[in-house]
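Numbering (the numbering used here), first residue to last: -12 to 408.
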């Protein structure tokens, strides 16, 4: 393909028409306007698109806030999306500023919870030689620590506190920097907790506003331990480490923690970089993502975990979750993968319409995989799911080229599958 034709193809994909506006539960919204402010009784789920990794902010109906990850990669622009809005600030700073805008809407000044799904830099922050030191402790600023520098955090939860030795001890700078941040919090008497699989009592509403609707967060999985779906029971999928060769130890992605967020009839599923690949059946215990999906049951919105890469969603995971909308948090040239898209769109796996969104898809991937990527509802922008008390929800894509929160498209209203049943 000539350079001229390639440019024309990219332009055609990027300029494809977006969906028309729809009615927002509780308030009207239109393309070109700023996203209407959160109101008590609404559940907002913000997939923040910095082009540098994962960050998901959940504003619960009573104003309680939960941030899941704050990634900041240092990958070069030949393989990674360009920073959004731009490179004048670090990704964690942009995330923190986004959070501050949402906190203003709730009338609060601190993030209630930070949940770190696992310790990779696209979820916690790369730390290079030029990463500046913190004013608040003996660690450097990137991703999670940049957020913590700008926004007070009530409780930090991760998969391996306090030992940080499973399955092995991390020595990479991005991990040890995060551990130094945690140690600093503990020294100051600030709350840090280990993620407790099976419970729905670790991330609880703080009651910033009184609301009648019932909502909750169920901890589904961490370190290969999965909720059974009954009470707070769990089952451990990983074999004892002393029965495995070192090369077969569970990797960091496979140890990811994940949750299901419920609001009335609405359900949302997200499990970090959890995977389902079993080395083609050789090690079936590695398919933790499908086990987490089975524990969760069907949902309305789900993330395509591990950025929609080849080892993420199994066919069974897709069948079990069967959401109306998939969210893919992308930033690398390889994300998302064609087979993953085939599964998400496949009505052989589950019937009915569904929408697929991605936060930041590189142009090179758009050209190479146009057959499937042309079906995405969005390829660049923050993706916000807004849920009303009756279970109806809209999906907004907002502009990440600046901090206006300008609505680029709206889809909905959608009705919860449980409400429709």
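Glycine included, each C-beta is placed from N, C-alpha and C at the ideal position.
Within the same chain, show all residues whose beta-carbon is closer than 7 Å to that of residue i, passing over the 5 residues directly before and after it, in chain order.
i           : result
residue 51  : 99, 192, 193, 195
residue 166 : 151
residue 9   : Residue confidence is low: residue 9 scores 40 on pLDDT, short of 50, so the model does not pin down where it sits. Its coordinate-derived value is still stated next. Answer for residue 9: 381, 397, 398, 399, 400, listed in chain order.
residue 224 : 211, 213, 272, 275, 278
DSSP on residue i, reduced to helix/strand/coil?
i           : result
residue 304 : helix
residue 205 : strand
residue 395 : strand
residue 365 : strand
residue 41  : coil
residue 238 : coil
residue 356 : coil
residue 143 : strand
residue 245 : strand
residue 133 : helix
residue 107 : coil
residue 254 : strand
residue 25  : coil
residue 121 : coil
residue 178 : strand
residue 229 : helix
Output needed for residue i: all residues of its chain with C-beta closer than 6 Å, excluding positions within five of it in sequence on either side, in chain order.
i           : result
residue 102 : 55, 144
residue 236 : 154
residue 216 : 282
residue 288 : 255, 310, 312, 372
residue 331 : 313, 343
residue 290 : 257, 314
residue 187 : 203, 205
Would you say residue i faces chain C, with C-beta separation under 7 Å as the test?
i           : result
residue 371 : Here chain C cannot be found, since the structure has a single protein chain.
Take the Cβ of residue i as the centre, count every other Cβ of all protein chains shown within 10 Å, and call the residue buried at 16 or more, exposed below.
i           : result
residue 169 : buried
residue 118 : buried
residue 209 : buried
residue 266 : exposed
residue 64  : exposed
residue 338 : exposed
residue 316 : buried
residue 104 : buried
residue 233 : exposed
residue 149 : exposed
residue 73  : exposed
residue 361 : exposed
Quick check: residue i and residue j, are their CB atoms within less than 7 Å of each other?
i           : j           : result
residue 345 : residue 366 : yes
residue 108 : residue 161 : yes
residue 38  : residue 75  : no
residue 250 : residue 297 : no
residue 92  : residue 157 : no
residue 30  : residue 394 : no
residue 59  : residue 124 : no
residue 260 : residue 244 : no
residue 397 : residue 383 : yes
residue 212 : residue 184 : yes
residue 46  : residue 83  : no
residue 262 : residue 228 : no
residue 378 : residue 403 : yes
Could you say which of the options lies nearest to residue i if we only look at CA atoms?
i           : options            : result
residue 137 : 147, 122, 148      : 122
residue 189 : 219, 290, 199      : 219
residue 199 : 139, 125, 48, 58   : 48
residue 128 : 81, 88, 384        : 81
residue 131 : 151, 120, 110, 116 : 110
residue 35  : 385, 403, 401      : 385
residue 247 : 224, 141, 301, 308 : 308
residue 328 : 349, 357, 351, 318 : 357
residue 71  : 301, 402, 389      : 389
residue 57  : 361, 85, 253       : 85
residue 177 : 142, 391, 206, 268 : 142
residue 27  : 94, 33, 42         : 94
For residue i, which residues of its own chain have a beta-carbon under 8 Å away from its beta-carbon, when the five flanking residues on both sides are left out?
i           : result
residue 114 : 108, 127, 129, 160, 161, 164
residue 120 : 126, 127, 128
residue 90  : 52, 96, 97, 98, 138
residue 61  : 108, 113, 115
residue 368 : 36, 346, 384, 385, 386, 387, 395
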